[in-house]
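Trainee: My questions all concern the structure below.
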Ligand code: ASP
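Residue numbers (my numbering): 2 to 304.
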């Protein structure tokens, strides 16, 4: 391992309909606090994957986001959560095959407080990439993660949204992170309750490596928005591949543009490249982003 660049982190708190104005200050504070958790991991020499998980766990525990506690409810008023992550150590796959590249995901989990940690358990404890439902919950339990009753994850806010079906198209509040650590490791992760009123059993992009989450040796990305569009466009992989020929900011913007032109739908994406350059873009009403960079420290952007 060698130091290649200063560490950076970028988070999203979902793209979709603009949330109520009175929630904005609390969401801003929560995004900055989540970024602070990730920053302190990175600045103490910790790994990109630890920073991504620290930031996402904080947002999963906050009732303000559509992930973990506060998740959107399906057509039957139940929580079914998806999450995934991917990590690429410095030097991996640089002509030697995909040595050391890790990926894990869970889908349709109902009793896991922190689905991103269950996704990490899939990556570290199994030879697989995606485990669903009760089997994923059992794996989480065997890995020492906290399980809970499904109703402990249901907030009044999610219940009201479900009753009014206010956010049927795209619930603002999925969470994601992408980071580069000082050893050059790249990682990304995403966690969501999905879309309010979704059909039970529906799995979105946030569980799917390549669609809602992707990392390779040139960059790492996390998406949010209409999962069906993001999956059809394999949005995160497309945007990371573009980093070979353009900047992170341009890759994010053209990924969203190409998705909208080819399959339609609203989405947002955050991306970091191996040099520590950050990009983000969306075509929804709004998107929350927080960044940590050596030049600017912690910042929140309501786009
Ligand atoms: N992409 C998520 C899903 O389709 C939802 C979101 O990001 O708002 O499950």
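Think of the CB as a built atom: it goes at the ideal place given N, C-alpha and C, for glycine as much as any other residue.
By how many angstroms is the C-alpha of residue 142 removed from the C-alpha of residue 136?
Mentor: Counting from one through the chain shown, the residue named residue 136 turns up at place 135. Counting from one through the chain shown, the residue named residue 142 turns up at place 141. Their backbone Cα atoms lie some 10 Å apart in a straight line.
Trainee: Leaving aside the five residues before and after residue 257 along the sequence, list all residues of the same chain whose C-beta is less than 7 Å from its C-beta, in chain order.
Mentor: Translated into positions along the chain shown, residue 257 becomes position 256. 268, 270, 282, 283 and 284, listed in sequence order.
Trainee: In terms of alpha-carbon separation, which member of 146, 106 and 248 lies closest to residue 279?
Mentor: Translated into positions along the chain shown, residue 279 becomes position 278. That would be 248, whose Cα lies nearest to the Cα of residue 279.
Trainee: Which ranges would you report for the alpha helix (DSSP H) in the segment 200-287 if only whole runs of at least 4 residues count?
Mentor: With a minimum length of 4 residues, the continuous alpha helix (DSSP H) runs that stay inside the segment 200-287 are 228-233, 236-243 and 249-263.
Trainee: What does residue 108 pair with, by DSSP beta-bridge criteria?
Mentor: What you label residue 108 is simply residue 107 of the chain shown in a count that begins at 1. Paired residue(s): 133.
Trainee: Tell me whether residue 63 counts as near ligand 1, meaning its Cβ is closer than 7 Å to at least one heavy atom of that ligand.
Mentor: Here residue 63 is taken as the residue at index 62 of the chain shown, counted from 1. Not so, every heavy atom of ligand 1 lies at least 7 Å from the Cβ.
Trainee: Between residue 266 and ligand 2, is the CB less than 7 Å from at least one heavy atom?
Mentor: Because ligand 2 does not appear in the structure shown, any question about it cannot be addressed here, the ligands present being ligand 1.
Trainee: Just reading off the alpha helix (DSSP H) that residue 165 is part of, what are its end residues?
Mentor: Here the question's residue 165 lines up with position 164 in the chain shown. Counting along the chain, the alpha helix (DSSP H) containing residue 165 begins and ends at 157-165.
Trainee: Going by DSSP, which residues form a beta bridge with residue 300?
Mentor: As a working mapping, residue 300 is identified with position 299 in the chain shown. In DSSP, residue 300 forms a bridge with 292.
Trainee: Would you kindly report the start and end of the unbroken alpha helix (DSSP H) that includes residue 125?
Mentor: Within the chain shown, numbered from 1, the residue matching residue 125 stands at position 124. That run of the alpha helix (DSSP H) goes 116-126.
Trainee: Does DSSP put residue 72 in a helix, a strand or coil?
Mentor: Within the chain shown, residue 72 is the residue found at index 71, counting from 1. Coil.
Trainee: Contact check, residue 106 vs residue 208 under 8 Å by CB: the rounded distance?
Mentor: Reading the chain shown from its first residue, position 105 is the one you call residue 106. Reading the chain shown from its first residue, position 207 is the one you call residue 208. Indeed they touch by this definition, with Cβ atoms about 5 Å apart.
Trainee: Less than 7 Å separating the Cβ of residue 117 from some heavy atom of ligand 1?
Mentor: For this step, residue 117 is matched to residue 116 along the chain shown. Flag unset: Cβ of residue 117 not near ligand 1.
Trainee: If contacts are defined as beta-carbon pairs under 8 Å, then residue 254 and residue 49 qualify, I think. What distance do you get, rounded to the angstrom?
Mentor: Indexing the chain shown from 1 puts residue 254 at position 253. Indexing the chain shown from 1 puts residue 49 at position 48. Rounded, the Cβ-Cβ distance is 23 Å, inconsistent with contact.
Trainee: Check whether the segment 237-244 touches the segment 113-124, taking contact to mean three or more Cβ pairs, one atom from each stretch, closer than 8 Å.
Mentor: In short, these stretches do not touch, since the Cβ pair count stays below three.
Trainee: Could you give the DSSP three-state label for residue 7: helix, strand or coil?
Mentor: Position 6 of the chain shown, counting from 1, holds the residue named residue 7. Residue 7: coil per DSSP, three-state reduction.
Trainee: Going by DSSP, which residues form a beta bridge with residue 12?
Mentor: Here residue 12 corresponds to residue number 11 of the chain shown, with the count starting at 1. Answer by DSSP bridge pairing, in chain order: 178 and 291.
Trainee: Comparing C-alpha positions only, which one of 129, 286, 119 and 68 sits nearest to residue 197?
Mentor: For the purposes of this step, residue 197 is taken as the residue at position 196 of the chain shown. The shortest Cα separation from residue 197 among 129, 286, 119 and 68 belongs to 68.
Trainee: Considering only DSSP beta bridges, list what residue 89 is partnered with.
Mentor: The residue labelled residue 89 in the question sits at position 88 within the chain shown. In the DSSP output, where bridge partners are listed per residue, residue 89 has 187.
Trainee: Is the separation between the beta-carbon of residue 220 and that of residue 244 shorter than 8 Å?
Mentor: On the chain shown, position 219 is the one that residue 220 refers to. On the chain shown, position 243 is the one that residue 244 refers to. The answer is yes: Cβ separation under 8 Å.
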